[in-house]
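In terms of my numbering, the sequence shown opens at residue 7 and continues consecutively. From the three backbone atoms N, C-alpha and C, an ideal C-beta is built for every residue, glycine too. Computed from a predicted structure; not experimentally measured.
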Amino acid sequence: MNKILKWVGIVLGAVVAIVLVLVICTYVLSSRALGRRYAPTVPTVSIPTDSASLVRGEHLASAIAKCTDCHGEHLGGTMKISDPAFGHLAAPNLTRGRGGFGATLTNEDWVRAVRHGVAPDGRGLLLMPAEAYIHLDTADLAAIIAWARSVPPVDSQWPASQLGPVARALLATGKLPLIAAAYIDHSEMATAPPADTTVAYGRYLAQIGGCTACHNAALSGGPIAGAPPGTPPAANLTPGGIASYTEADFFRALREGKRPGDVAINDFMPWRFTRLMTDPEIRAVWKYLRSLPAKELGQQ
7 MNKILKWVGI VLGAVVAIVL VLVICTYVLS SRALGRRYAP TVPTVSIPTD
57 SASLVRGEHL ASAIAKCTDC HGEHLGGTMK ISDPAFGHLA APNLTRGRGG
107 FGATLTNEDW VRAVRHGVAP DGRGLLLMPA EAYIHLDTAD LAAIIAWARS
157 VPPVDSQWPA SQLGPVARAL LATGKLPLIA AAYIDHSEMA TAPPADTTVA
207 YGRYLAQIGG CTACHNAALS GGPIAGAPPG TPPAANLTPG GIASYTEADF
257 FRALREGKRP GDVAINDFMP WRFTRLMTDP EIRAVWKYLR SLPAKELGQQ
């Protein structure tokens, strides 16, 4: 009996030691990723002040880039995730109000944050979709910044984001694309094609609108990386998935959140913002999607 108890103790001790080592490694690796500094080259961008640019910036931030989905309609911030296991992640207050960052950010800080997903101190921003915004044309980026800086102050204080054990484990093992600055090409300098109902402009809108973040680079859909548990797979947007759609069906999907047959689209799809897109913009995206090669669900 004593021998059995001794071996049980040894096994339990080994298990505890292994778990402890894994916890320490997870914490060290995730902390290294969180603490990494980035130094992208940030060009000087002239920020406009005319009313047309402000209107353009508000439209881009709401309907296309969907900045207001995370930061709120008035950019006062929101709590995006609050879960003890995953963590507490807030989209910060971007205004000049109490608790906001708007008063301290320079033009270069705005460009660095939006296009590159990098904070003023060089850290990679969490949940900042720079993989989409790296494609922003400089004029469109300047318009978004101009509008954001013009938004009236909002008093809203949010706690600093903290990752829980699950998020740290996923980050440490490379399973959670939480820091876009770590994997985007910071040297990319995008130029938007003329705004029109063309395939080229539709591709641009799909890029800066973050479609590939959920539907993958091939837009063939499948499981969404980093999505909350229970989120259904993203739809296949290639002709292999929406071959039966008409243009009117696509308009209804983006405007009303309904598939053909009056089937509701999961609210993870930000149709509350795509409904603000203009008819020419939706038509351009539709033409772009129809131009893609047909893929099976999830096929790259």
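Notebook entry, point to check: Does DSSP put Ile214 in a helix, in a strand, or in coil?
Noted result: helix
Notebook entry, point to check: If you scan the stretch 23 to 91 from start to end, which runs of the beta strand (DSSP E) of 3 or more residues do you find wholly inside it?
Noted result: Taking only runs of at least 3 residues, the beta strand (DSSP E) segments lying wholly in the stretch 23 to 91 are 84 to 89.
Notebook entry, point to check: Since Ile53 and Asn99 are thought to touch, with beta carbons under 8 Å apart, how far apart are those beta carbons, to the nearest angstrom?
Noted result: About 20 Å separates the two Cβ atoms, so there is no contact after all.
Notebook entry, point to check: Going by C-alpha distance, which of Pro135, Tyr33, Asp285, Arg174 is nearest Thr203?
Noted result: Comparing Cα positions, the closest option is Asp285.
Check: How do the stretch 111 to 128 and the stretch 165 to 175 stand: do at least 3 beta-carbon pairs fall below 8 Å, yes or no?
Finding: no
Note to self: Could you compute how far the alpha carbon of Leu40 sits from the alpha carbon of Gly180?
What the structure shows: One C-alpha to the other measures close to 12 Å.
Item checked: Beta-carbon contacts of Arg62 that lie in its chain and below 7 Å, excluding the five residues immediately before and after -> Ala149
Check: Which runs of the beta strand (DSSP E) spanning at least 3 residues fall entirely within the stretch 92 to 154, listed in chain order?
Finding: DSSP assignment within the stretch 92 to 154 yields the following whole beta strand (DSSP E) runs of 3 residues or more, N-terminal first: 93 to 97.
Margin query: For Val21, count the other beta carbons within 10 Å of its own beta carbon; 16 or more makes it buried, fewer makes it exposed. Which is it?
Written below: exposed
Margin query: For the pair the stretch 286 to 305 and the stretch 209 to 219, tell me if three or more CB-CB distances fall below 8 Å.
Written below: As far as the Cβ criterion goes, the stretch 286 to 305 touches the stretch 209 to 219, which means the pair count is three or higher.
Item checked: Cβ pair Thr101, Val160 closer than 7 Å -> yes
Check: Per DSSP, which one or two residues make a beta bridge with Gln168?
Finding: DSSP lists His94 as the beta-bridge partner residues of Gln168.
Check: Met275 to Thr110, Cα distance in whole Å?
Finding: 33 Å
Check: With distances taken from CA atoms, which of Ala58, Ile248, Asp146, Gly130 is nearest Pro266?
Finding: Looking at the Cα atoms, Ile248 is the closest of the given residues.
Item checked: Cβ-based neighbour list, Thr37, same chain, cut-off 7 Å, excluding 5 preceding and 5 following -> Checking the displayed sequence, the identity of residue 37 turns out to be Ser instead of Thr. Nothing meets the Cβ criterion.
Note to self: Along the chain, where does the alpha helix (DSSP H) containing Asp285 start, and where does it finish?
What the structure shows: Per DSSP, Asp285 belongs to the alpha helix (DSSP H) from 285 to 297.
Item checked: Range covered by the alpha helix (DSSP H) that runs through Glu194 -> That residue, Glu194, is in no alpha helix (DSSP H); it is neither H nor E in DSSP.
Item checked: Simplified DSSP state of Ala201, which is helix, strand or coil -> coil
Next item on the list: Tell whether a beta-carbon distance below 7 Å holds between Asp143 and Ala196.
Entry: yes
Notebook entry, point to check: Going by alpha carbons, who is nearest to Lys72 out of Leu303, Tyr139, Ala198?
Noted result: For Lys72, the closest of Leu303, Tyr139, Ala198 by C-alpha to C-alpha distance is Tyr139.
Notebook entry, point to check: When the distance is taken between beta carbons, is Met85 closer than 7 Å to Ala67?
Noted result: Judged by beta-carbon spacing, Met85 lies beyond the 7 Å limit of Ala67, meaning their Cβ atoms are not closer than that value.
Check: When you compare only the Cα positions, how much space is there between Leu35 and Arg118?
Finding: 25 Å
Next item on the list: Return the chain-ordered list of same chain residues with a C-beta closer than 6 Å to the C-beta of Ser162, the five sequence neighbours on each side being excluded.
Entry: Around Ser162: Gly82, Gly83, Asn99, Gly105.
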